[in-house]
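Trainee:
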Amino acid sequence: MPLCVKPVRPDDLHAFCVEAMLKAGMDRADADITAEVLVATDTWGTYTHGTKQLRPLLQSYRDGRMDLHAKPELVGQGASWATFDGHHSMPMPASVLAMTAAIDKAHQTGIAVATVRNSGHYGAAGYYAHLAARQDMIGLSFTNVDPCMAVPGSRGPVLGTNPIAYAVPAGDEPPVMLDIATSVVAASKVFALRDVGKPIPDGWLVNADGLPTTDPTGYPAVGALLPMAAHKGYGLALMVEILTGVLSGGAFGNGISSWGGGPVAPVSQSHTFIAIHIAAFEPVADFKRRMDELTRQIRSAPKAKGSDRIYLPGEMEHESRQRAIEDGMALPDHVMLRLQGMAEDLGLDLIRIYGQHAAGGATRKERHG
Ligand SMILES: NC(=O)c1ccc[n+]([C@@H]2O[C@H](COP(=O)([O-])OP(=O)(O)OC[C@H]3O[C@@H](n4cnc5c(N)ncnc54)[C@H](O)[C@@H]3O)[C@@H](O)[C@H]2O)c1
41 MPLCVKPVRP DDLHAFCVEA MLKAGMDRAD ADITAEVLVA TDTWGTYTHG TKQLRPLLQS
101 YRDGRMDLHA KPELVGQGAS WATFDGHHSM PMPASVLAMT AAIDKAHQTG IAVATVRNSG
161 HYGAAGYYAH LAARQDMIGL SFTNVDPCMA VPGSRGPVLG TNPIAYAVPA GDEPPVMLDI
221 ATSVVAASKV FALRDVGKPI PDGWLVNADG LPTTDPTGYP AVGALLPMAA HKGYGLALMV
281 EILTGVLSGG AFGNGISSWG GGPVAPVSQS HTFIAIHIAA FEPVADFKRR MDELTRQIRS
341 APKAKGSDRI YLPGEMEHES RQRAIEDGMA LPDHVMLRLQ GMAEDLGLDL IRIYGQHAAG
401 GATRKERHG
């Protein structure tokens with residue numbers, strides 16, 4: 041029986057997460073931003089990177105991988121660029137700050153880039169790209185990650201799952217948003233199956249010998265994820281590594297530490313955000329009309345046998361969010377187990393996520409942190 045027996049309202053989940061962060065010692069402004077990023081990610085149905093991540097994030101402060109009281113610092117800027125040092129603070133406020141700086145500068149210059157070094161796990165790349173799209177800009181977002189992915193010819197991990205996201209506003213149609221790891225899947229999807237004792241699909245993982253496996257139990261200590269589309273995913277992951285760690289003056293490759301396990305060391309991930317001001321190129325209304333036209337062309341293309349719908353990237357997330365706002369979310373077990381674990385860590389009552397309603401279930405223990 042699933043643990044989440046009642047739909048959870050996004051506002052109630054936000055309040056629970058803020059309460060957890062305040063209890064852990066964060067200030068309210070940073071807690072609010074972090075909860076907004078994580079809960080919005082859940083509303084998209086990207087449960088592997090939403091509020092589930094809060095427990096290990098707070099654990100990484102207790103372990104000394106991150107600094108709960110640090111604040112990001114602007115360390116360099118020009119008309120169309122900015123560089124921040126996250127000083128190992130909570131990554132979500134630092135990332136929102138940097139994307140906001142890129143958006144502000146792009147209003148003046150047409151395009152702007154902001155980097156953050158010495159940061160940590162910022163969650164779903166798409167959240168930050170969508171901040172630009174909300175302001176009639178094209179947004180791009182990248183982060184490097186500690187090595188957990190093989191590259192063609194290697195046996196073990198060489199690069200991280202280095203995600204790429206872009207978001208683009210449209211008119212009557214939903215915004216387009218692609219948000220993907222450059223590995224076959226995000227590592228969290230392996231953990232989500234591993235944590236409930238399930239095998240993973242073929243083609244995701246190799247074992248210690250570099251051979252295909254469906255057994256996730258040893259990962260990430262043993263084995264490695266595969267890049268998406270072989271050398272193509274490898275090349276894009278490398279681009280992300282260059283745009284983030286190398287360009288920001290931060291850590292790259294082996295210089296990045298795991299944020300969730302292994303030896304305790306500063307995590308030192310880097311992020312890069314790009315905002316493109318559409319109005320500098322063409323009137324926004326024209327752009328949005330053309331985006332709608334492109335969307336409809338794609339959606340109305342002839343369907344393959346057995347297919348009744350073509351989705352645009354971001355469309356599933358858009359519809360999931362509408363449903364979450366209207367009806368609440370039935371959080372999957374792997375998320376409920378994490379939230380339950382976090383409630384126990386901090387002496388909180390998980391029933392708060394159900395607002396006025398009584399909760400049922402939510403009592404099984406999380407088997408893996
Ligand atoms: N911060 C980190 O360390 C880190 C690392 C890796 C991944 N991630 C995050 O993990 C999440 C999941 O990554 P993933 O690679 O497993 O994603 P995924 O393979 O589930 O792909 C998701 C994307 O593909 C689009 N999509 C899916 N099916 C589609 C279809 N039929 N037609 C059109 N578009 C479709 C979705 O709209 C979405 O943009 C992302 O949010 C990513 O940012 C984070």
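In this note's numbering, the protein residues as written are 41 to 409.
Note that beta-carbon positions come from the ideal geometry of N, C-alpha and C, so glycine has one too.
#1: Using only the alpha-carbon positions, how far apart do A269 and Y351 sit?
#2: On a Cα-Cα basis, can you pick out the residue from P112, A138, M139, T140 that is closest to H127?
#3: Ligand 1 and H170: does the residue's C-beta get closer than 7 Å to at least one heavy atom of that ligand?
#4: Measuring straight from C-alpha to C-alpha, what distance separates L199 and L278?
#5: Out of D389, Y394, M382, which one is the CA nearest neighbour of S100?
#6: Comparing the CB of D219 with every heavy atom of ligand 1, is any distance shorter than 7 Å?
#7: Between which two residues does the alpha helix (DSSP H) harbouring M56 extend?
#8: Here's the rule: buried if 16 or more other CB atoms are within 10 angstroms of the residue's CB, otherwise exposed. What is N158?
#9: Please report the distance separating the alpha-carbon of A60 from that of I338.
#10: Would you decide whether P323 is buried or exposed? Buried here means 16 or more other CB atoms lie within 10 Å of its CB.
#11: Report yes if the C-beta distance between L218 and W244 is below 8 Å; otherwise report no.
#12: What residues match up with V156 in a beta bridge as DSSP calls it?
#13: Just to check my reading of the structure: V115 and N184 have Cβ atoms closer than 8 Å, yes? What is that Cβ distance to the nearest angstrom?
#14: At which residues does the beta strand (DSSP E) containing F182 begin and terminate?
#15: Mark R407 as exposed unless 16 or more other C-beta atoms lie within 10 angstroms of its C-beta, in which case mark it buried.
#16: Touching or not, the region 363-372 and the region 83-97, by the rule of three or more beta carbon pairs under 8 Å?
#17: Could you check whether the Cβ of S228 sits closer than 7 Å to any heavy atom belonging to ligand 1?
#18: Put A205 into one of helix, strand or coil per three-state DSSP.
#19: Give the range of the alpha helix (DSSP H) segment to which M106 is assigned.
#20: Only counting runs of 4 or more residues, tell me where the alpha helix (DSSP H) segments fall wholly within the region 221-306, in order along the chain.
#21: Hey, could you find the ends of the beta strand (DSSP E) V115 is sitting in?
#22: Which stretch, first to last residue, makes up the alpha helix (DSSP H) that contains G166?
#23: Within this structure, are the beta carbons of T312 and S297 separated by less than 8 Å?
#24: Given a cut-off of 8 Å on the beta-carbon distance, is the pair M177 and I318 in contact?
#25: Ligand 1 heavy atoms versus the CB of E357: any closer than 7 Å?
Mentor: So, from the listed chains and residues:
#1: As a position in the sequence shown, residue 269 is number 229, starting the count at 1. As a position in the sequence shown, residue 351 is number 311, starting the count at 1. Looking at the two C-alpha atoms, the distance is approximately 21 Å.
#2: As a first step, residue 127 is located in the sequence shown; it is residue number 87 there, counting from the start. Ranking P112, A138, M139, T140 by Cα distance to H127 puts P112 first.
#3: In the sequence shown, residue 170 corresponds to position 130, counting from 1. Every heavy atom of ligand 1 is 7 Å or more from the Cβ of H170, so no.
#4: Indexing the sequence shown from 1 puts residue 199 at position 159. Indexing the sequence shown from 1 puts residue 278 at position 238. Cα-Cα distance, rounded: 8 Å.
#5: Walking along the sequence shown from the start, residue 100 turns up at place 60. Ranking D389, Y394, M382 by Cα distance to S100 puts M382 first.
#6: On the sequence shown, position 179 is the one that residue 219 refers to. D219: yes, Cβ under 7 Å from ligand 1.
#7: Along the sequence shown, one-based indexing puts residue 56 at 16. For clarity, residue 56 is Phe in the given sequence; the question names Met instead. Element bounds for F56: 50-64.
#8: Residue 158 sits at position 118 when you count from the first residue of the sequence shown. It is buried - the Cβ of N158 has at least 16 other Cβ atoms within 10 Å.
#9: For the purposes of this step, residue 60 is taken as residue 20 along the sequence shown, with counting starting at 1. For the purposes of this step, residue 338 is taken as residue 298 along the sequence shown, with counting starting at 1. The straight-line gap from Cα to Cα measures roughly 43 Å.
#10: Indexing the sequence shown from 1 puts residue 323 at position 283. Answer is exposed; the Cβ neighbour count stays below 16.
#11: Counting from 1 along the sequence shown, the entry for residue 218 is found at position 178. Counting from 1 along the sequence shown, the entry for residue 244 is found at position 204. The answer is no: Cβ separation not under 8 Å.
#12: Here the question's residue 156 lines up with position 116 in the sequence shown. The partner list for V156 (beta bridge, DSSP) reads F124, H311.
#13: In the sequence shown, residue 115 corresponds to position 75, counting from 1. In the sequence shown, residue 184 corresponds to position 144, counting from 1. At roughly 18 Å, the Cβ-Cβ gap does not stay under 8 Å, so V115 and N184 are not in contact.
#14: Here residue 182 refers to the residue found at position 142 of the sequence shown. Its beta strand (DSSP E) spans residues 177-183.
#15: Against the sequence shown, residue 407 aligns to sequence position 367. For R407, the predicted model reports a pLDDT of 35, less than 50, meaning its position is unreliable; a value from the coordinates is still stated below. When all chains shown are included, R407 counts as exposed.
#16: yes
#17: Working through the sequence shown from its first residue, we reach residue 228 at position 188. Correct: S228 has its Cβ closer than 7 Å to ligand 1.
#18: Here residue 205 refers to the residue found at position 165 when the sequence shown is read from its first residue. In this structure, A205 counts as strand in the three-state DSSP scheme.
#19: Taking the sequence shown and counting its residues from 1, the one referred to as residue 106 is at position 66. Taken as a continuous stretch (DSSP letters only), M106 belongs to no alpha helix (DSSP H), as it is neither H nor E.
#20: 227-235, 271-281
#21: One-based indexing of the sequence shown puts residue 115 at position 75. Note, V115: beta strand (DSSP E), 113-118.
#22: Counted from its first residue, the sequence shown places residue 166 at position 126. Run containing G166: 165-173, per the alpha helix (DSSP H) assignment.
#23: Locating residue 312 in the sequence shown gives position 272, where the first residue counts as 1. Locating residue 297 in the sequence shown gives position 257, where the first residue counts as 1. No.
#24: Here residue 177 refers to the residue found at position 137 of the sequence shown. Here residue 318 refers to the residue found at position 278 of the sequence shown. It is a contact, given that the beta carbons lie within the stated cut-off.
#25: Here the question's residue 357 lines up with position 317 in the sequence shown. E357 Cβ: within cutoff of ligand 1.
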